[in-house]
Amino acid sequence: MITRLRAWADTHTSEGRWTPVAITFHWTMAALVMFQLVWGWWMSGIPVGGDKVAAFQLHADAGILILLLAVLRAIWRLLIPGPVNDADKPGWESKVSRVTHFLFYIFIVGLPLSGWLMLSTVAPEIPLRIGGLVPVPGLPLGELSREAAWNLMWAAERLHFFMVWGITFLIMGHVAAALKHYVFDKDNVLPGMLPVVEELEGEPIEIIPGTDEEETPRKRIPPRSGGR
12 MITRLRAWAD
22 THTSEGRWTP
32 VAITFHWTMA
42 ALVMFQLVWG
52 WWMSGIPVGG
62 DKVAAFQLHA
72 DAGILILLLA
82 VLRAIWRLLI
92 PGPVNDADKP
102 GWESKVSRVT
112 HFLFYIFIVG
122 LPLSGWLMLS
132 TVAPEIPLRI
142 GGLVPVPGLP
152 LGELSREAAW
162 NLMWAAERLH
172 FFMVWGITFL
182 IMGHVAAALK
192 HYVFDKDNVL
202 PGMLPVVEEL
212 EGEPIEIIPG
222 TDEEETPRKR
232 IPPRSGGR
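Using our numbering, the first residue of the sequence shown is number 12, and each one after it goes up by one.
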């Protein structure tokens, strides 16, 4: 099965493109991470009460979903190699790209784990659900004293805070690099991660005489192009 998957992936990666599965992982996780950053900033201003608990619940559920997607994406990446494109050219940019992607994985895994740790120490009664559906238990921390639980929560909160800023700056650098490749280098790095929209190919518009004095332009319905 892996051999067949890799053969299918080669039809995309041989053109310098990521597979549709990798593209779906990338943009789904990008949207979720952006949502988490905006939602986390917004909910910090909510007064203590039921609304704040509900906001934290949604934030935590989305974080667990991101953690699951990160694990699945890493497995896919190990099984199905990505394309060799212009970002892999020898030089400092290629090295920076590798470090950036490594840090992304650190933050995308570390942020949900630190949040999960915070809830497990001081609010284990708050249920976690993957995507709001599948229940997830708290981390097995054993019997902690109240002081130890708060110290662990404080450390996890500090780690979470710094990683939020870390991934924020990383995203800005990542976007700037993608635009640099597209606008200045004019290479295939950004297009290789964009979804392909199959275009309809057909004959050009014809002018077919109408029934009255004026000619009525009509367009033939083009056939669907065959795609992979």
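Every residue gets a Cβ at the ideal spot worked out from N, C-alpha and C, and that includes glycine.
Keep in mind the model is a prediction, meaning the values are calculated, not measured.
- Item | Cβ pair leucine 16, leucine 90 closer than 9 angstroms | As a working note, residue 16 is residue 5 in the sequence shown. As a working note, residue 90 is residue 79 in the sequence shown. Yes, these two residues count as a Cβ contact at 9 angstroms.
- Query: Once you ignore the five residues that flank leucine 69 on each side, which residues in its own chain have a CB closer than 8 angstroms to its CB?
  - Reply: Along the sequence shown, read from residue 1 onward, the residue named residue 69 stands at position 58. Residues of the same chain with a CB within less than 8 angstroms of the CB of leucine 69, apart from the 5 flanking positions on each side, are Trp50 and Gly143 in chain order.
- Item | Where the beta strand (DSSP E) containing leucine 139 begins and where it ends | Start at 1 with the first residue of the sequence shown, and residue 139 comes out as number 128. Residue range 139-141 is occupied by the beta strand (DSSP E) that includes leucine 139.
- Query: Among Val120, Trp103 and Trp53, which one has its Cα closest to the Cα of alanine 85?
  - Reply: Numbered from 1 along the sequence shown, position 74 holds the residue referred to as residue 85. The candidate whose alpha carbon is nearest that of alanine 85 is Val120.
- Three-state secondary structure (DSSP) of valine 44: Numbered from its first residue, the sequence shown carries residue 44 at position 33. Assignment of valine 44 by DSSP, reduced to helix, strand and coil, places it in the helix class.
- How about the stretch 116-133 and the stretch 164-171: do they share at least three Cβ pairs that are nearer than 8 angstroms? With a cut-off of 8 angstroms, the stretch 164-171 and the stretch 116-133 count as touching, because enough Cβ pairs lie within range.
- Message: Which residue marks the beginning of the beta strand (DSSP E) containing proline 146, and which one marks its end?
- Response: By one-based count along the sequence shown, residue 146 stands at place 135. Secondary structure note for proline 146: its beta strand (DSSP E) is the uninterrupted segment 145-147.
- For glycine 203, is the classification buried or exposed, using 16 other Cβ atoms within 10 angstroms of its Cβ as the cut-off for buried? Walking along the sequence shown from the start, residue 203 turns up at place 192. Buried is the call here.
- Task: For histidine 23, collect the residues of the same chain with a Cβ closer than 8 angstroms to its Cβ; drop the 5 residues on either side in sequence, then sort them by chain order.
- Result: Indexing the sequence shown from 1 puts residue 23 at position 12. Apart from the 5 residues on each side of it in sequence, histidine 23 sits with its Cβ closer than 8 angstroms to the Cβ of Trp29, Thr30, Pro31, Pro94 and Arg239 in its chain, given in chain order.
- Message: If I follow the unbroken alpha helix (DSSP H) through alanine 134, where does it start and stop?
- Response: Walking along the sequence shown from the start, residue 134 turns up at place 123. Secondary structure note for alanine 134: it is in no alpha helix (DSSP H), with a DSSP letter that is neither H nor E.
- Message: So, at 8 angstroms on beta carbons, what are the nonlocal neighbours of leucine 43 in its own chain, with the 5 sequence-adjacent residues on each side left out?
- Response: Here residue 43 refers to the residue found at position 32 of the sequence shown. Correct list, in chain order: Ala73, Leu76, Ile77 and Leu80.
- Item | Close-in-space but distant-in-sequence residues of the same chain around serine 131 (CB under 8 angstroms, 5 per side omitted) | Taking the first residue of the sequence shown as 1, we reach residue 131 at position 120. Gly149, Leu150 and Leu152.
- Message: Taking the beta carbon of isoleucine 216 as the centre, do at least 16 other beta carbons fall within 10 Å, making it buried, or is it exposed?
- Response: Position 205 of the sequence shown, counted from the first residue, corresponds to residue 216. Low local confidence applies: a pLDDT of 47 at isoleucine 216 is under 50, so the model's placement there is unreliable, with the coordinate-based value given in what follows. Around the C-beta of isoleucine 216, fewer than 16 other C-beta atoms lie within 10 Å, and the residue is accordingly described as exposed.
- Item | Residues near methionine 129 by beta carbon distance below 8 angstroms, same chain, minus five either side | One-based indexing of the sequence shown puts residue 129 at position 118. These residues qualify, in order along the chain: Met164, Ala167, Glu168 and His171.
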